[in-house]
Structure formats: C-alpha cells, structure tokens
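What follows is a set of notes on a single structure, which appears directly below.
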Amino acid sequence: SQELEQSPQSLIVQEGKNLTINCTSSKTLYGLYWYKQKYGEGLIFLMMLQKGGEEKSHEKITAKLDEKKQQSSLHITASQPSHAGIYLCGADETGNQFYFGTGTSLTVIP
Amino acid sequence: DTGVSQDPRHKITKRGQNVTFRCDPISEHNRLYWYRQTLGQGPEFLTYFQNEAQLEKSRLLSDRFSAERPKGSFSTLEIQRTEQGDSAMYLCASSKRETQYFGPGTRLLVL
Numbered sequence: 050s051q052e053l054e055q056s057p058q059s060l061i062v063q064e065g066k067n068l069t070i071n072c073t074s075s076k077t078l079y080g081l082y083w084y085k086q087k088y089g090e091g092l093i094f095l096m097m098l099q100k101g102g103e104e105k106s107h108e109k110i111t112a113k114l115d116e117k118k119q120q121s122s123l124h125i126t127a128s129q130p131s132h133a134g135i136y137l138c139g140a141d142e143t144g145n146q147f148y149f150g151t152g153t154s155l156t157v158i159p
Numbered sequence: 008d009t010g011v012s013q014d015p016r017h018k019i020t021k022r023g024q025n026v027t028f029r030c031d032p033i034s035e036h037n038r039l040y041w042y043r044q045t046l047g048q049g050p051e052f053l054t055y056f057q058n059e060a061q062l063e064k065s066r067l068l069s070d071r072f073s074a075e076r077p078k079g080s081f082s083t084l085e086i087q088r089t090e091q092g093d094s095a096m097y098l099c100a101s102s103k104r105e106t107q108y109f110g111p112g113t114r115l116l117v118l
C-alpha cells in the first residue's frame with residue numbers, strides 16, 4: 050500500500066520566515082494533494098499536482114512535485130499566523146483508496 | 008453553504024451503544040469517501056462510494072461498521088457496539104473528479 054512520509058513532524062517559525070514541508074512516497078505518485086487542517090476541523094484543499102516537475106502556487110504557498118514523482122514539497126513564503134495548522138499530503142493509489150501522510154504541525158509565532 | 012456537511016458534529020456515547028453519522032456531499036458529486044482520524048495522525052481511508060455503489064472498503068472497516076448511500080446522495084456510517092478504540096474524528100469527503108472536498112467531521116467519544 051501507499052506510504053507517505055512527511056517531514057518535519059512539527060515546525061515553529063517566526064512570522065515572516067519562509068518554511069518548507071516535504072512529503073515522500075514509497076511508490077510513484079499518480080496524483081499528489083496538499084491539504085490544510087485547522088485543529089479539530091475538516092481538511093481544506095490547497096493544491097493538486099499530477100505531472101513530474103509540476104509546480105503550482107496559490108498566494109504565498111508553492112507546491113512542487115519532483116520529476117520522479119516520488120517527492121513533493123510545500124513552501125510557504127513570509128509566513129503569517131493564518132498559515133498555522135496541520136499540513137497533510139495525500140495520494141491515491143488505485144483511484145479508489147486515498148492515503149494521507151501523518152501531517153506536519155505548523156505554528157507561526159507573531 | 009454548498010460545502011460538505013456532517014451531522015452531528017460531536018457525539019458522546021457509552022461503550023456498547025450504536026451510533027450513526029450522516030454526511031451530505033456537495034450536490035452533483037458522485038463520489039463519497041469516509042475517513043477516520045485519531046489524534047496526531049493523518050486521516051485513514053475507510054470506504055468509498057461511487058453513486059450508490061460501495062466500491063472500496065478498507066480492512067479497518069470491521070464488521071461493526073457499515074456505510075450506506077442509498078440514493079447516491081447522502082451517506083450514513085453506523086458503528087455498532089461501540090468500543091473505546093472507536094473514539095476518533097470521522098471525516099466525510101466528496102468529489103466529482105480527483106479532488107476531494109471535506110466536511111467538518113464528526114468527533115466521537117466513547118466512554
């Protein structure tokens with residue numbers, strides 16, 4: 050089955066700093082998704098990457114999928130307290146089952 | 008609000024009782040998913056529907072768990088004879104294509 054490892058597990062940064070979260074798969078990814086979760090709430094879709102080398106940006110968040118399609122990174126520029134939460138990468142293996150990483154908890158100190 | 012909704016948002020029950028959760032997907036989304044999430048972990052896939060057909064079930068879905076989507080719209084997840092280990096957040100998601108949109112979740116506490 051698909052395994053997704055995220056690093057780091059948790060991150061504490063000063064407001065205004067840049068940060069990167071990584072997601073590594075044990076298998077080739079056919080679709081990689083990034084979600085954000087506020088504590089105790091549902092997941093909010095951020096971005097989906099499908100092609101090797103693909104890069105997408107939304108506001109101050111950029112996600113990339115490497116050429117081999119086994120690793121993705123999420124980069125936040127000039128972090129703000131509103132960026133705080135848990136970031137989850139997810140991927141589907143068969144189109145029917147979906148797997149998530151264990152998440153990266155981000156705290157942004159004002 | 009046209010997002011995914013779940014009801015109830017919170018449920019406290021005693022061990023051995025049955026509970027049922029409801030999920031209303033985004034209209035026109037033919038795919039519906041159920042996940043379970045425990046503290047500090049990512050969501051774990053439980054089951055998937057395409058319209059009213061249940062196409063995938065995780066081995067996590069023991070015989071105490073049953074999910075239905077009778078008319079291809081809303082779905083219910085029932086847990087019979089609840090155990091303390093069932094305490095978790097139960098998340099529902101729906102999609103039209105690849106991207107899943109999640110509801111706020113139902114937090115279950117089994118005492």
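As they're listed, the protein sequences go chains G and U.
Heads up: the first sequence begins at 50 in our numbering, then just goes up one per residue.
Heads up: the second sequence begins at 8 in our numbering, then just goes up one per residue.
Every residue gets a Cβ at the ideal spot worked out from N, C-alpha and C, and that includes glycine.
Using the beta-carbon count (16 or more within 10 Å), is residue i buried or exposed?
i	result
ALA112/G	buried
ILE158/G	exposed
HIS107/G	exposed
TYR136/G	buried
ALA140/G	buried
PRO130/G	exposed
PRO111/U	buried
SER121/G	buried
HIS17/U	exposed
TYR88/G	exposed
THR156/G	exposed
ARG76/U	buried
THR54/U	buried
PRO15/U	exposed
GLN146/G	buried
Across which residues does DSSP place residue i in a beta bridge pair?
i	result
ALA112/G	LYS105/G and LEU123/G
ARG114/U	HIS17/U and MET96/U
ARG29/U	ASP14/U and THR83/U
GLY139/G	TYR82/G and PHE149/G
THR156/G	ILE61/G
GLN44/U	MET96/U
TYR108/U	SER101/U
GLY119/U	Outside the displayed range of chain U (8 to 118) lies residue 119/U, so it cannot be described from this structure.
THR69/G	HIS124/G
ARG38/U	GLN57/U and SER102/U
ALA74/U	LEU84/U
GLN55/G	CYS72/G
GLU51/U	ARG43/U
GLU63/U	TYR55/U
What residues from chain U crowd round residue i, counting only those whose CB sits closer than 9 Å?
i	result
GLU104/G	Ordered by position in chain U, no residue passes the 9 Å Cβ test against GLU104/G, which lies about 18 Å from the chain.
Throw me the rounded Cβ distance for the residue i and residue j pair, which I believe falls under 8 Å.
i	j	result
ARG88/U	GLY23/U	6 Å
GLN58/G	THR153/G	6 Å
LEU81/G	CYS72/G	7 Å
GLY134/G	GLN55/G	Actually they do not touch by this definition, with Cβ atoms about 14 Å apart.
ALA95/U	LEU68/U	About 13 Å; that fails the 8 Å criterion.
ILE125/G	ASN67/G	7 Å
THR27/U	MET97/G	Incorrect: roughly 32 Å between the Cβ atoms, too far for contact.
ASN37/U	LYS78/U	About 12 Å; that fails the 8 Å criterion.
VAL117/U	THR45/U	About 12 Å separates the two Cβ atoms, so there is no contact after all.
SER74/G	LEU53/G	6 Å
What does residue i touch in chain U if you count any residue whose Cβ is under 8 Å from its own?
i	result
LEU137/G	GLY49 and PRO50
In chain G, which residues lie with their C-beta within 7 Å of the C-beta of residue i?
i	result
GLU105/U	GLY80 and MET97
TYR97/U	The premise fails here: TYR97/U is roughly 11 Å from chain G at the closest Cβ pair, so nothing lies under 7 Å.
PHE109/U	GLY91 and LEU92
Along chain U, which residues have their Cβ under 7 Å away from the Cβ of residue i?
i	result
TYR151/G	Looking at the sequence itself, residue 151/G is Thr, so the reference to Tyr does not match. Within chain U, the residues near THR151/G are GLN48 and GLY49.
List, in order along the chain, the chain G residues whose C-beta lies closer than 8 Å to that of residue i?
i	result
GLY120/U	Residue 120/U is absent from the structure shown; chain U starts at 8 and stops at 118.
GLY79/U	Simply none; closest approach about 16 Å.
Is the CB of residue i under 8 Å away from at least one CB in chain B?
i	result
GLY112/U	Any reference to chain B falls outside this structure, whose protein chains are G and U.
- request: Would you be able to state if there are at least three C-beta pairs under 8 Å between the region 40–56 of chain U and the region 96–109 of chain U?
  value: yes
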